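Protein sequences appear in the order of chains A, B and C. Under our numbering, the first residue of the first sequence is numbered 112, with each subsequent residue one higher. Under our numbering, the first residue of the second sequence is numbered 355, with each subsequent residue one higher. Under our numbering, the first residue of the third sequence is numbered 100, with each subsequent residue one higher. Backbone N, C-alpha and C fix where the C-beta goes; we use that ideal spot for every residue, glycine too. All of these numbers come straight from a predicted model, not from anything done at the bench. One structure below.
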Amino acid sequence: MKSGWCKIALAAMLLCLLASPALAAEPAIAVAAPLTGPAAAYGDNVKAGVDMKVAEVNAKGGVNGMKFKVEYFDELCDPKEAATVAPKIVRDKNIVGIVGHVCSSAHLAALPAYVRSGVVAISATATNVAISAQNKDKSGKAWSFRDVYRDDFQGKFLARYAKEALGLAKVAVFYENNDYGIGLKDAFVGEAKKIGLTVVGEEAYVKGAADFTPQLTKLKAAGPQGIFLSGYYPEGALIATQAKKVGLDVLKFGADGFDNADYIKLAGEAAEGTYLSTPFIASEAGPEAKAFVDAFKAKYNRDVDYMSANAYDAAGILIQAVAHVGVDRAKVRDFMAAMNTPEKGYKGITGLTYFDEHGDAQKPAFVKMVKGGQFATAPKQLK
Amino acid sequence: MFEQQLVNGLTLGVIYALIAVGYTMVYGVIELINFAHGEVYMLGAFFCVTFITALGMPFYVAIVAAMLCCALLGILLDVVAYRPLRNAPRLAALITAIGMSIFLQNLAMIIWGSRAKPFAQEAVPAYLAETALEWSGVHLTWLQIFILGVALVMMLGLYLIINKTRIGTAMRALAQNKTAAALMGINVNFVISFTFALGSAMGAVAGVLVAVYYNTLYPTMGYVAGVKAFASAVLGGIGSVPGAMVGGVVLGVAEALGAGYVSSLYRDGVAYAVLIAVIIFRPSGILGRAVVDKA
Amino acid sequence: MLAKLKPVLFVLAAAALAYPLMPFSNDYLLHVVTLVLVYMVLAMGLNILPGFCGLLDLGFVGFYGIGAYTSGLLTIHYGMSFWVIVPLACLNGALWGVLLGVPTLRLVGDYFAIVTFGFAELVVLFLTNEIWLTRGPLGLPGIEPVSFDFTWLNPDWYFELIGEVPYFYLAVAMVAFVWLVMRRIEDSRLGRAWFAIREDTLAAASCGVNILRYKVIAFAISAGIGALGGAFYARWSLFLSPDMFKFWESFLVLCMVVLGGLGNIAGALVGAVVLIVLGEGLREILPILGLAPETRFLAYGLIMVLIMRFKPAGFFPAIATASARNPLIKDLKKRLAGYASGEKSGTAA
Numbered sequence: 112m113k114s115g116w117c118k119i120a121l122a123a124m125l126l127c128l129l130a131s132p133a134l135a136a137e138p139a140i141a142v143a144a145p146l147t148g149p150a151a152a153y154g155d156n157v158k159a160g161v162d163m164k165v166a167e168v169n170a171k172g173g174v175n176g177m178k179f180k181v182e183y184f185d186e187l188c189d190p191k192e193a194a195t196v197a198p199k200i201v202r203d204k205n206i207v208g209i210v211g212h213v214c215s216s217a218h219l220a221a222l223p224a225y226v227r228s229g230v231v232a233i234s235a236t237a238t239n240v241a242i243s244a245q246n247k248d249k250s251g252k253a254w255s256f257r258d259v260y261r262d263d264f265q266g267k268f269l270a271r272y273a274k275e276a277l278g279l280a281k282v283a284v285f286y287e288n289n290d291y292g293i294g295l296k297d298a299f300v301g302e303a304k305k306i307g308l309t310v311v312g313e314e315a316y317v318k319g320a321a322d323f324t325p326q327l328t329k330l331k332a333a334g335p336q337g338i339f340l341s342g343y344y345p346e347g348a349l350i351a352t353q354a355k356k357v358g359l360d361v362l363k364f365g366a367d368g369f370d371n372a373d374y375i376k377l378a379g380e381a382a383e384g385t386y387l388s389t390p391f392i393a394s395e396a397g398p399e400a401k402a403f404v405d406a407f408k409a410k411y412n413r414d415v416d417y418m419s420a421n422a423y424d425a426a427g428i429l430i431q432a433v434a435h436v437g438v439d440r441a442k443v444r445d446f447m448a449a450m451n452t453p454e455k456g457y458k459g460i461t462g463l464t465y466f467d468e469h470g471d472a473q474k475p476a477f478v479k480m481v482k483g484g485q486f487a488t489a490p491k492q493l494k
Numbered sequence: 355m356f357e358q359q360l361v362n363g364l365t366l367g368v369i370y371a372l373i374a375v376g377y378t379m380v381y382g383v384i385e386l387i388n389f390a391h392g393e394v395y396m397l398g399a400f401f402c403v404t405f406i407t408a409l410g411m412p413f414y415v416a417i418v419a420a421m422l423c424c425a426l427l428g429i430l431l432d433v434v435a436y437r438p439l440r441n442a443p444r445l446a447a448l449i450t451a452i453g454m455s456i457f458l459q460n461l462a463m464i465i466w467g468s469r470a471k472p473f474a475q476e477a478v479p480a481y482l483a484e485t486a487l488e489w490s491g492v493h494l495t496w497l498q499i500f501i502l503g504v505a506l507v508m509m510l511g512l513y514l515i516i517n518k519t520r521i522g523t524a525m526r527a528l529a530q531n532k533t534a535a536a537l538m539g540i541n542v543n544f545v546i547s548f549t550f551a552l553g554s555a556m557g558a559v560a561g562v563l564v565a566v567y568y569n570t571l572y573p574t575m576g577y578v579a580g581v582k583a584f585a586s587a588v589l590g591g592i593g594s595v596p597g598a599m600v601g602g603v604v605l606g607v608a609e610a611l612g613a614g615y616v617s618s619l620y621r622d623g624v625a626y627a628v629l630i631a632v633i634i635f636r637p638s639g640i641l642g643r644a645v646v647d648k649a
Numbered sequence: 100m101l102a103k104l105k106p107v108l109f110v111l112a113a114a115a116l117a118y119p120l121m122p123f124s125n126d127y128l129l130h131v132v133t134l135v136l137v138y139m140v141l142a143m144g145l146n147i148l149p150g151f152c153g154l155l156d157l158g159f160v161g162f163y164g165i166g167a168y169t170s171g172l173l174t175i176h177y178g179m180s181f182w183v184i185v186p187l188a189c190l191n192g193a194l195w196g197v198l199l200g201v202p203t204l205r206l207v208g209d210y211f212a213i214v215t216f217g218f219a220e221l222v223v224l225f226l227t228n229e230i231w232l233t234r235g236p237l238g239l240p241g242i243e244p245v246s247f248d249f250t251w252l253n254p255d256w257y258f259e260l261i262g263e264v265p266y267f268y269l270a271v272a273m274v275a276f277v278w279l280v281m282r283r284i285e286d287s288r289l290g291r292a293w294f295a296i297r298e299d300t301l302a303a304a305s306c307g308v309n310i311l312r313y314k315v316i317a318f319a320i321s322a323g324i325g326a327l328g329g330a331f332y333a334r335w336s337l338f339l340s341p342d343m344f345k346f347w348e349s350f351l352v353l354c355m356v357v358l359g360g361l362g363n364i365a366g367a368l369v370g371a372v373v374l375i376v377l378g379e380g381l382r383e384i385l386p387i388l389g390l391a392p393e394t395r396f397l398a399y400g401l402i403m404v405l406i407m408r409f410k411p412a413g414f415f416p417a418i419a420t421a422s423a424r425n426p427l428i429k430d431l432k433k434r435l436a437g438y439a440s441g442e443k444s445g446t447a448a
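Shown next as structure tokens:
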């Protein structure tokens, strides 16, 4: 009996030893995202965007006769898991680049492996400022890019929007205690101080919490005119409804973490009049974006959100690089690093994407609002 | 503000208490920390919504149907996962419970998808959303009163079942001494399955109430709630049903007041600090049977 | 049976040690193996409490986190060498073990378990919220890798350990060290005292074992080993975030200990191999079976339940291995078997 179990364990180990990379010669794009676990919904968004792009390209016959494959790597937004899948991705020589990771902490944990082995990663969602300083090898080449703006840009933008477009003077901040929420909040509060917007209260909550009434009761006592919700939509929807319940009926605004049709579904009437910044508004983009939005709705039966849109473009950038320089990983990186001016940028559905020397993109931010149970472009945009 | 925080804490607390009762009853009869109980609570909410949207059941009927389904699920859990391990080391059953928890959570994720869903709001009676009482800045909605009421009725019913019925007597006998109970002609496996069914039904109600209260349900919701409820059960004295109720309310209120007056960042921290402090000074929980350290 | 396997195990160990130097070695496998080795250390550390002393500890990950952050912060702020940090991190872990243990080890059963659980949650909350110290949820990136600094001998002798290979060997050394320590403790006065407490606390006390003191020592050593694992992990992964130390990790390590065989050091090692290889193996196997990646944890949970169903005492129950090792028990068994057969023939006649 005992030796039987030993044999099974040994066989399992041998199986792992022998497991060798697949032999197919198609170039592949890795999607490193949470496909299970609490953040699985975000992973699903990114997966959907990449799937759409790759399916479209393949339907047109691929590029230079090559059809693309998508390989999925589940990392649960867990830094430990991300650090484990990273060498697995690196090992698969068919993979030309990675779209991911979704969460900044997972991205940061996986980066050392990508930088060391020279694979390019492009994240559609990781907005943490720290990535810009951690993505370079010894010679200063950046191996990770992102087609999404950073938290500090968005936070500042929202502070200005609150003051200039919404005309608020006193605001409260309610942030999620994670890298995204804190990064946004810090930028927002810093800018608010500069432009003379008073922040009357700051409260935090943790991911997965369901009851926000204590904090909201406290914020209500500070008497703000508006409340900045620095976090994601599932909690945001709860906050909106509970704010109404405790009688804190003030203007709400959030960042791209709110850009999901589920926010309106979950919050119902309480969502009405929420402003949010987003990198992607279909009506502001061109006809291609319209086609994408419709195709997305037809395929997944839900409205597109910025994560899917960004992931769609991220996959597009990788495919464009392969179309120009082939499947060599270093060349793909060099091609992307050379996309450093608006002229050389990638024209996608989320507008023009080009990178600075840290791999960060300068993307415009738009403002949407919830009106009549639907997202609508806000009347005032800030340029 | 204090009164409002108290009301918030109470609402949260009775929900913890409803889940905690399930933990504590199972613990009482077979000394197992049933970590899959948080998942039963989550599935209760999902069953209820599915019955409303797919089968068009009215709200109250759907609640009862969800309770029945979860009771069956509880029995199934016991029969499939825990019964074969009745005489195995205690930790083996604990690991099985953790395994079942992972399994059920991921099953729900595959069936219903991983994104948060709104509760079928159209089925919920409209009056529940209205404000029932308002005095000196304290809001109390009908829903909150409904939750408090349902919890109270459930607890009372549970008290009657445990103390006034034959099967309740059998449960208490089992909790004291399983072998002696069996010798008295009590069908041990039946009573244990009944305990699981009862606890799971209570968990299902808690799940539905939470889903309605927050208008949201998602497959990972059982995780945090389960842990908090387990903490409540221990706080009150694990194995003691009134203890679980008291523990849940204490934990809920501590959390709400902690978030309101200490720091919202240390909201859970306050809950755990209270827990540790209480246990250090009352080593068998608030209402637990005194367990004397043999040394 | 074990004796027959010994040469095989020896060859396998040698092959495993030589593997990273082979040209066909790959980083992914090495990463997974190193991860297994880290969990082996953690499992051996945790094993002391539920395995040797019979105390259920649900908050082991707290000490792992303390060790990791001690290591990470000392590296980032003071640029200390790994070799100085490791003992410091262990001491810090053990210190917290004593601080938590002294007031709470009087508790019995699951009350103790929930207190350790609460402690681990408080550690995570501290790491998350004290942003001035730990950078909180933003994570702690940019930790320097382990290095050997011999510049005092020769200005060129500065070696940084890069890639997976050196960390593999470092982890092997760490596992070997902890394993040796555990084996020595198991058969020492200390280990005997722990077993006595586990089997019958009252009897142990009447034999003059100072229960609380031995429990606190157990807690401190366990915490120190947890912190050792953390200290290594920080310098290996080069990035820390409070998310890595959520209570799920405690459960995972506990599952390893129980799955392997409670109270058995070899069992702890096997448990670590099984659960990590299972998680990674499912990644490979599920697509072959045509299942979506989303089903990975469904299968994981199911397999855990099945293992417990069919091996309720784990792969290597402590009693079985103890009896297989102990010459007295072996002798007794042989004689009993002899009696049994003799008896049978007796009745037949």
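Supposed close pair residue i, residue j - CB separation, criterion 8 angstroms
i: residue 93(A); j: residue 210(A); result: No answer is possible for residue 93(A): the residues shown for chain A start at 112 and end at 494.
i: residue 233(C); j: residue 168(C); result: 6 angstroms
i: residue 443(A); j: residue 434(A); result: That pair is no contact at about 10 angstroms.
i: residue 576(B); j: residue 370(B); result: The pair is not a contact, with the Cβ atoms about 13 angstroms apart (cut-off 8 angstroms).
i: residue 390(B); j: residue 422(B); result: About 18 angstroms separates the two Cβ atoms, so there is no contact after all.
Beta-carbon proximity check, residue i vs residue j, cutoff 8 angstroms
i: residue 538(B); j: residue 527(B); result: yes
i: residue 479(A); j: residue 387(A); result: yes
i: residue 515(B); j: residue 563(B); result: no
i: residue 146(C); j: residue 165(C); result: no
i: residue 459(B); j: residue 570(B); result: no
i: residue 341(A); j: residue 256(A); result: no
i: residue 547(B); j: residue 378(B); result: no
i: residue 606(B); j: residue 641(B); result: no
Distance between residue j and residue i (C-alpha atoms, nearest Å)
i: residue 110(C); j: residue 375(B); result: 54 angstroms
i: residue 469(B); j: residue 535(B); result: 46 angstroms
i: residue 128(A); j: residue 590(B); result: Only weak support is given to the placement of residue 128(A): the predicted model assigns it a pLDDT of 48, under 50, and the value that follows is read from those uncertain coordinates. About 51 angstroms.
i: residue 503(B); j: residue 192(A); result: 44 angstroms
i: residue 173(C); j: residue 320(C); result: 22 angstroms
i: residue 363(B); j: residue 324(A); result: 9 angstroms
i: residue 170(C); j: residue 361(A); result: 46 angstroms
i: residue 480(B); j: residue 424(A); result: 44 angstroms
i: residue 392(C); j: residue 418(A); result: 20 angstroms
i: residue 190(A); j: residue 222(A); result: 10 angstroms
i: residue 194(C); j: residue 392(B); result: 34 angstroms
i: residue 406(B); j: residue 474(B); result: 7 angstroms
i: residue 462(A); j: residue 474(A); result: 8 angstroms
Minimum C-alpha distance to residue i - residue among the options
i: residue 132(C); options: 295(C), 227(C), 379(C) and 400(C); result: 379(C)
i: residue 404(C); options: 355(C), 362(C), 387(C) and 363(C); result: 355(C)
i: residue 167(A); options: 450(A), 407(A), 468(A) and 466(A); result: 407(A)
i: residue 508(B); options: 368(B), 359(B) and 356(B); result: 368(B)
Worksheet item: Within the chosen definition, does the region 547-560 of chain B reach the region 394-407 of chain B through at least 3 CB pairs nearer than 8 angstroms?
Response: yes
Discussion item. With three or more beta-carbon pairs closer than 8 angstroms as the criterion, would you say the region 360-378 of chain C touches the region 198-207 of chain C?
Written reply: no
Worksheet item: Three or more beta-carbon pairs under 8 angstroms between the region 147-158 of chain A and the region 307-314 of chain C, yes or no?
Response: no
Fill in: Validate contact between the region 273-290 of chain C and the region 135-154 of chain C using beta carbons, cut 8 angstroms, 3 pairs
yes
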